[in-house]
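**Q**
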Amino acid sequence: MKSVMESKVIKVAVAGNPNTGKTTLINAIAGTNLHVGNWPGVTIEKKEARFKYRGYEIHLVDLPGTYSLSNDTAEEKIAVDFLIKEKPDVVIDVVDSTNLERNLYLTVQLLELELPLVVALNMWDEAKAKGIEIDYQKLERLLCVKAVPTSAVKNEGVKELLDAVIETYEKKEKPVCVLHFEDQLEEEIRQIIKKIEEIQPVLLDLYPKRYLVLSLIEGNTSFIDIPITEELNRIIQQFRENMQKLYHKDAVTLIVEERYSIIISIYEQVVKKHPVKTVDITFLLDKIFLHKVFGLPIFFVLMWLLFEFTFELSSPYVDWLDETLSNFVAPLISQWLSSVGASDWFRSFVSEGVIGGVGFVLVFVPVLFFLYIFMAFLEGSGYMARAAFLMDRFMSVLGLSGKSFIPMIIGFGCNVPAVYATRTLENPKEKILTVLMIPFMSCGARLTVYAFFVTIFFTQHKTAVIMFLYLLGVTVAVIIAFILQKLFFKTESYPFILELPPYRLPTFRFVMKNAWIKTRAFLYEAGTFILATSIVIWFLLHFPIGVKKTEDSVFGHISKFIAPVFEPLGFGNWQAAGALMSGFVAKEVVISTMGNIYVGEVIEEEEEKIDIKEGIIEIGKGFLNANIEAGKKVLDIFGLANQQEEEEETDKSLIEAVRNAFTPLTAFSFLVFLLLYTPCMATVFAIRQELNSWKWTGISIGLNLTSAWIVTFIVYNIGKMLF
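Okay, so the sequence shown: first residue is 1 according to UniProt numbering, each after it adds one.
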């Protein structure tokens with residue numbers, strides 16, 4: 001029975017060039033089944049999915065985007081190792097139909113691996129709009145593989161692609177076509193194969209013959225696990241010398257040219273271009289967005305609008321979620337615990353440690369969800385890649401390229417993947433310097449804390465305060481990077497080359513799916529990591545057993561010990577110190593820690609009995625009102641509505657406690673320190689893993705703590721002089 005079930009699993013590898021819509025196609029195929037992790041031993045993102053289709057279990061593995069299988073980059077090494085050693089049942093090669101000639105280079109190399117192959121002609125709709133006609137049936141005959149037109153953004157051709165995968169799998173056939181080089185070169189390759197059969201036949205048992213020989217000639221042998229004999233090395237070297245004499249060019253160039261000769265021949269047979277009278281939207285928009293003078297101001301305006309929309313649109317849903325958790329979920333669970341005779345201690349643990357801890361974080365999920373929506377739109381439209389080019393001239397002053405700005409942009413969402421994204425930086429000094437800058441980028445987790453504080457203290461200037469914090473983080477990072485570059489990292493500027501995708505209008509499905517995947521990751525963290533942290537902090541707050549005042553607990557004693565450090569910054573109370581201490585674990589738990597500290601000190605009112613039916617009706621009404629309020633917020637942003645700011649009615653006990661503990665100036669100082677001090681544990685671990693050095697990890701933490709204290713001290717004292 002087990003063998004039958006195993007035979008029903010199809011392992012499918014998805015390969016393709018960058019910017020071919022591969023990720024979008026995978027999302028269209030896998031849906032919410034997509035799981036994101038890292039490849040073993042490296043920090044390059046790995047996406048996998050398992051799902052059922054036509055009686056099969058499809059195991060989809062997304063290979064890193066590569067232009068070739070030449071084994072020159074980390075991404076290429078991962079792709080080659082997986083294709084050769086894991087031997088997937090089928091490989092999907094995602095190509096850009098608007099740029100078929102360039103994409104076919106990878107296709108030709110995949111054919112050399114002799115694996116069952118299906119070509120996904122993605123962006124088929126864009127190719128047609130540009131007057132590009134591809135005879136995909138003829139392409140199938142020339143390549144001897146299935147070719148399927150697809151449009152990932154429109155979810156077209158996905159079913160046909162999966163059908164082709166199953167058909168290819170069931171035939172159990174490798175590509176029967178061999179794309180021959182020039183006759184003399186082909187004969188030489190055949191002779192080398194014969195020599196390998198005589199000298200080291202085990203190589204032919206382990207690796208595809210043609211790919212093996214061509215890789216030996218090109219010197220790309222890192223995938224070969226056994227030593228090459230000296231005799232075989234001499235034969236390969238002799239071949240290179242013969243080719244140099246015969247063709248007057250090195251063997252590597254010769255092989256590349258032969259591949260392109262095949263590609264051009266195929267391209268000319270299957271592609272026809274028809275004149276289409278269309279305006280080049282990408283060219284026109286680039287004249288605006290990449291303008292030497294107006295490009296950067298436009299970028300900052302877009303960032304301003306991003307945060308304005310994020311905060312204003314999310315606030316009604318934040319209020320609704322908070323009302324639901326505070327006035328329905330928590331009292332209902334507490335009521336049930338009372339009915340079953342639970343002790344006051346256990347009820348406190350559940351309501352404050354579990355529901356309170358996670359609840360204080362979950363209410364800000366709408367903030368992150370809207371942020372991810374707008375970020376996904378900008379990324380999917382092609383604009384974020386151009387932001388890197390805009391910053392190239394600026395980054396070169398720091399000895400960095402615009403490529404370093406891409407991880408920094410990612411850092412606005414989360415510092416952890418941003419650190420991992422530095423894997424694409426080839427220069428070690430540039431990589432270290434970029435990693436040291438990333439923790440200063442204000443991540444989405446910090447935004448939840450900003451949102452809480454600005455709602456209390458800066459009601460009329462929410463966006464301005466948050467935007468200032470984001471810009472301050474970038475400014476401090478730049479100053480530190482400039483100093484480090486001058487003193488320790490005398491790096492040279494390198495030309496920045498990045499393929500700019502055409503401008504596209506991302507589909508609603510694409511934007512929402514990407515936003516949901518990232519929000520889901522946050523929810524998972526809130527439900528596990530943050531929950532565990534909240535519980536630990538609750539126990540520290542209530543230990544020794546029977547402690548009456550929070551300040552007399554273990555947590556209170558530790559917080560009191562470090563509180564004097566923050567006295568010159570304006571918030572030397574132990575509660576603020578404790579919240580920041582917990583923020584080292586995860587910035588999201590700063591709010592939940594404050595909830596545990598402050599709410600735990602509030603005298604509990606007598607509970608009212610919760611009517612479940614009435615409560616559910618009120619939740620529904622509240623959600624409807626939140627939608628209406630969000631619509632008004634949109635109008636208000638554009639000045640089309642003049643709604644009055646209302647006093648917040650949510651989290652009254654915590655809000656009042658925080659309002660009494662801080663002034664607007666000390667609250668702002670607290671946010672500045674929160675922005676700049678040591679990143680969360682996950683980021684620290686990522687830095688250690690990526691740089692493989694505790695030394696640089698320690699330096700990173702030291703830079704953040706030192707700069708946070710100094711900058712906050714300056715901000716607080718300037719504020720005292722002005723106000």
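Positions of the beta carbon are idealized from the N, C-alpha and C atoms, including for glycine.
1. Short of 6 Å in beta carbon distance, which residues of its chain neighbour residue 470, apart from the five on each side in sequence? Order them along the chain.
2. Mark residue 297 as exposed unless 16 or more other C-beta atoms lie within 10 angstroms of its C-beta, in which case mark it buried.
3. Pop quiz: residue 153 and residue 24 are said to be a contact at Cβ under 8 Å. What is the actual Cβ separation, rounded to whole angstroms?
4. With 16 as the cutoff for other CB atoms within 10 Å, does residue 538 come out buried or exposed?
5. I need the straight-line Cα distance from residue 712 to residue 440, nearest angstrom please.
6. Say whether the region 100-117 touches the region 67-75, bearing in mind that this needs 3 or more beta-carbon pairs closer than 8 Å, one atom from each stretch.
7. Touching or not, the region 554-565 and the region 574-588, by the rule of three or more beta carbon pairs under 8 Å?
8. Where does residue 641 sit, in a helix, a strand or coil, going by DSSP?
9. Give me the Cα-Cα distance between residue 459 and residue 78, rounded to the nearest whole angstrom.
10. Indicate whether the contact test is met: 3 or more Cβ pairs, each with one atom in the region 117-124 and one in the region 148-167, closer than 8 Å.
11. Taking all protein chains shown into account, decide if residue 575 is buried (16 or more other Cβ within 10 angstroms of its Cβ) or exposed.
12. Taking the C-alpha atoms as reference points, what is the distance between residue 435 and residue 380?
13. Buried or exposed: which applies to residue 222, given that a residue is buried once 16 or more other Cβ atoms fall within 10 Å of its Cβ?
14. DSSP has residue 59 in a bridge; who is on the other side?
15. If you check the beta carbons only, do residue 22 and residue 12 fall under 8 Å apart?
16. For a test of the three-state rule: what should DSSP assign to residue 151, helix, strand or coil?
17. If you reduce the DSSP assignment to three classes, tell me which class residue 146 lands in.
18. With a floor of 4 residues, list each alpha helix (DSSP H) that falls wholly inside the region 272-339, ordered by position along the chain.
19. Using a 10 Å radius around the Cβ and a threshold of 16 neighbouring Cβ atoms, would you call residue 602 buried or exposed?
20. Between 555, 332, 484, 158, which lies nearest to residue 28 when the distance is taken from Cα to Cα?
21. Using a Cβ-Cβ cutoff of less than 7 Å, which residues in the same chain neighbour residue 179 once the five nearest sequence positions on both sides are dropped?
22. I believe residue 687 touches residue 419 by the beta-carbon criterion, under 8 Å. Please report the beta-carbon distance rounded to the nearest angstrom.
23. Quick check on the burial criterion: 16 or more other C-beta atoms within 10 angstroms. Buried or exposed for residue 16?
24. Along the chain, where does the alpha helix (DSSP H) that runs through residue 465 open and close?
25. For the beta strand (DSSP E) containing residue 95, list its first residue and its last residue.
26. In terms of residue numbering, what span does the beta strand (DSSP E) encompassing residue 567 cover?
27. Using DSSP with H/G/I as helix, E/B as strand and the rest coil, what is residue 710?
28. DSSP on residue 117, reduced to helix/strand/coil?
29. Just to confirm the assignment, what range does the alpha helix (DSSP H) spanning residue 133 have?
30. Quick one: what does DSSP say residue 399 is sitting in, helix, strand or coil?
31. Quick one: grab the DSSP three-state call for residue 233.
32. With hydrogens ignored, establish whether the beta-carbon of residue 669 is closer than 7 Å to any heavy atom of the ligand SAH.
33. Helix, strand or coil: how does DSSP classify residue 702 here?
34. Taking the alpha-carbon of residue 438 as reference, which of 26, 20, 709, 704 has the nearest alpha-carbon?
35. By alpha-carbon positions, which one of 508, 597, 706, 500 ends up nearest to residue 548?
36. Check residue 16 in the structure and name its three-state DSSP category.
**A** Answer, in terms of the structure:
1. Counting from one through the sequence shown, the residue named residue 470 turns up at place 470. The residues are 442.
2. On the sequence shown, residue 297 is found 297 positions in, with the first residue counted as 1. By the 10 Å Cβ count, residue 297 comes out exposed.
3. The residue labelled residue 153 in the question sits at position 153 within the sequence shown. The residue labelled residue 24 in the question sits at position 24 within the sequence shown. At roughly 6 Å, the Cβ-Cβ gap stays under 8 Å, so residue 153 and residue 24 are in contact.
4. For the purposes of this step, residue 538 is taken as residue 538 along the sequence shown, with counting starting at 1. With 16 or more Cβ atoms within 10 Å of its Cβ, residue 538 is classed as buried.
5. In the sequence shown, residue 712 corresponds to position 712, counting from 1. In the sequence shown, residue 440 corresponds to position 440, counting from 1. Residue 712 and residue 440: Cα-Cα distance of roughly 14 Å.
6. yes
7. yes
8. As a first step, residue 641 is located in the sequence shown; it is residue number 641 there, counting from the start. Residue confidence is low: residue 641 scores 49 on pLDDT, short of 50, so the model does not pin down where it sits. Its coordinate-derived value is still stated next. Three-state DSSP puts residue 641 in coil, outside helix and strand.
9. Your numbering for residue 459 matches position 459 in the sequence shown. Your numbering for residue 78 matches position 78 in the sequence shown. One C-alpha to the other measures close to 50 Å.
10. yes
11. For the purposes of this step, residue 575 is taken as residue 575 along the sequence shown, with counting starting at 1. Burial call: buried.
12. Stepping through the sequence shown from its first residue, residue 435 is reached at position 435. Stepping through the sequence shown from its first residue, residue 380 is reached at position 380. Each residue's Cα considered, the two are about 25 Å apart.
13. For this step, residue 222 is matched to residue 222 along the sequence shown. Exposed is the call here.
14. Numbered from its first residue, the sequence shown carries residue 59 at position 59. DSSP, once it has assigned bridges, lists 11, 50 as partnering residue 59.
15. To locate residue 22, count along the sequence shown from 1; it is residue 22. To locate residue 12, count along the sequence shown from 1; it is residue 12. No, they are not a contact pair.
16. Start at 1 with the first residue of the sequence shown, and residue 151 comes out as number 151. In this structure, residue 151 counts as strand in the three-state DSSP scheme.
17. Indexing the sequence shown from 1 puts residue 146 at position 146. Strand, per DSSP.
18. 281-289, 295-324, 330-339
19. For the purposes of this step, residue 602 is taken as residue 602 along the sequence shown, with counting starting at 1. Unreliable positioning characterises residue 602 in this predicted model, as indicated by a pLDDT of 44, which lies under 50. A coordinate reading is not provided.
20. Translated into the one-based positions of the sequence shown, residue 28 becomes position 28. Minimum Cα distance to residue 28 is reached at 158.
21. In the sequence shown, counting from the first residue as 1, residue 179 sits at position 179. So the qualifying residues of the chain are 108, 111, 262.
22. As a working note, residue 687 is residue 687 in the sequence shown. As a working note, residue 419 is residue 419 in the sequence shown. About 6 Å; that satisfies the 8 Å criterion.
23. Position 16 of the sequence shown, counted from the start, is the residue given in the question as residue 16. By the 10 Å Cβ count, residue 16 comes out buried.
24. Position 465 of the sequence shown, counting from 1, holds the residue named residue 465. Run containing residue 465: 462-487, per the alpha helix (DSSP H) assignment.
25. Counting from 1 along the sequence shown, the entry for residue 95 is found at position 95. 90-96 is the span of the beta strand (DSSP E), which, as asked, contains residue 95.
26. Looking up residue 567 in the sequence shown gives position 567. Taken as a continuous stretch (DSSP letters only), residue 567 belongs to no beta strand (DSSP E), as it is neither H nor E.
27. Here residue 710 is taken as the residue at index 710 of the sequence shown, counted from 1. Here residue 710 sits in helix by DSSP.
28. Reading the sequence shown from its first residue, position 117 is the one you call residue 117. DSSP places residue 117 in strand when its eight states are reduced to three.
29. For the purposes of this step, residue 133 is identified with residue 133 of the sequence shown, where counting begins at 1. Per DSSP, residue 133 belongs to no alpha helix (DSSP H); it is in the beta strand (DSSP E), 132-134.
30. As a working note, residue 399 is residue 399 in the sequence shown. Three-state DSSP puts residue 399 in coil, outside helix and strand.
31. The residue labelled residue 233 in the question sits at position 233 within the sequence shown. Correct three-state label for residue 233: helix.
32. In the structure shown, the ligand SAH is absent, as is every other ligand, since no ligand is present at all.
33. Residue mapping note: residue 702 aligns to position 702 of the sequence shown, counting from 1. Reduced to three states, the DSSP call for residue 702 is helix.
34. As a first step, residue 438 is located in the sequence shown; it is residue number 438 there, counting from the start. The residue with the shortest Cα to Cα distance from residue 438 is 704.
35. As a first step, residue 548 is located in the sequence shown; it is residue number 548 there, counting from the start. It is 597.
36. Within the sequence shown, the letter at position 16 stands for residue 16. It is a strand residue.
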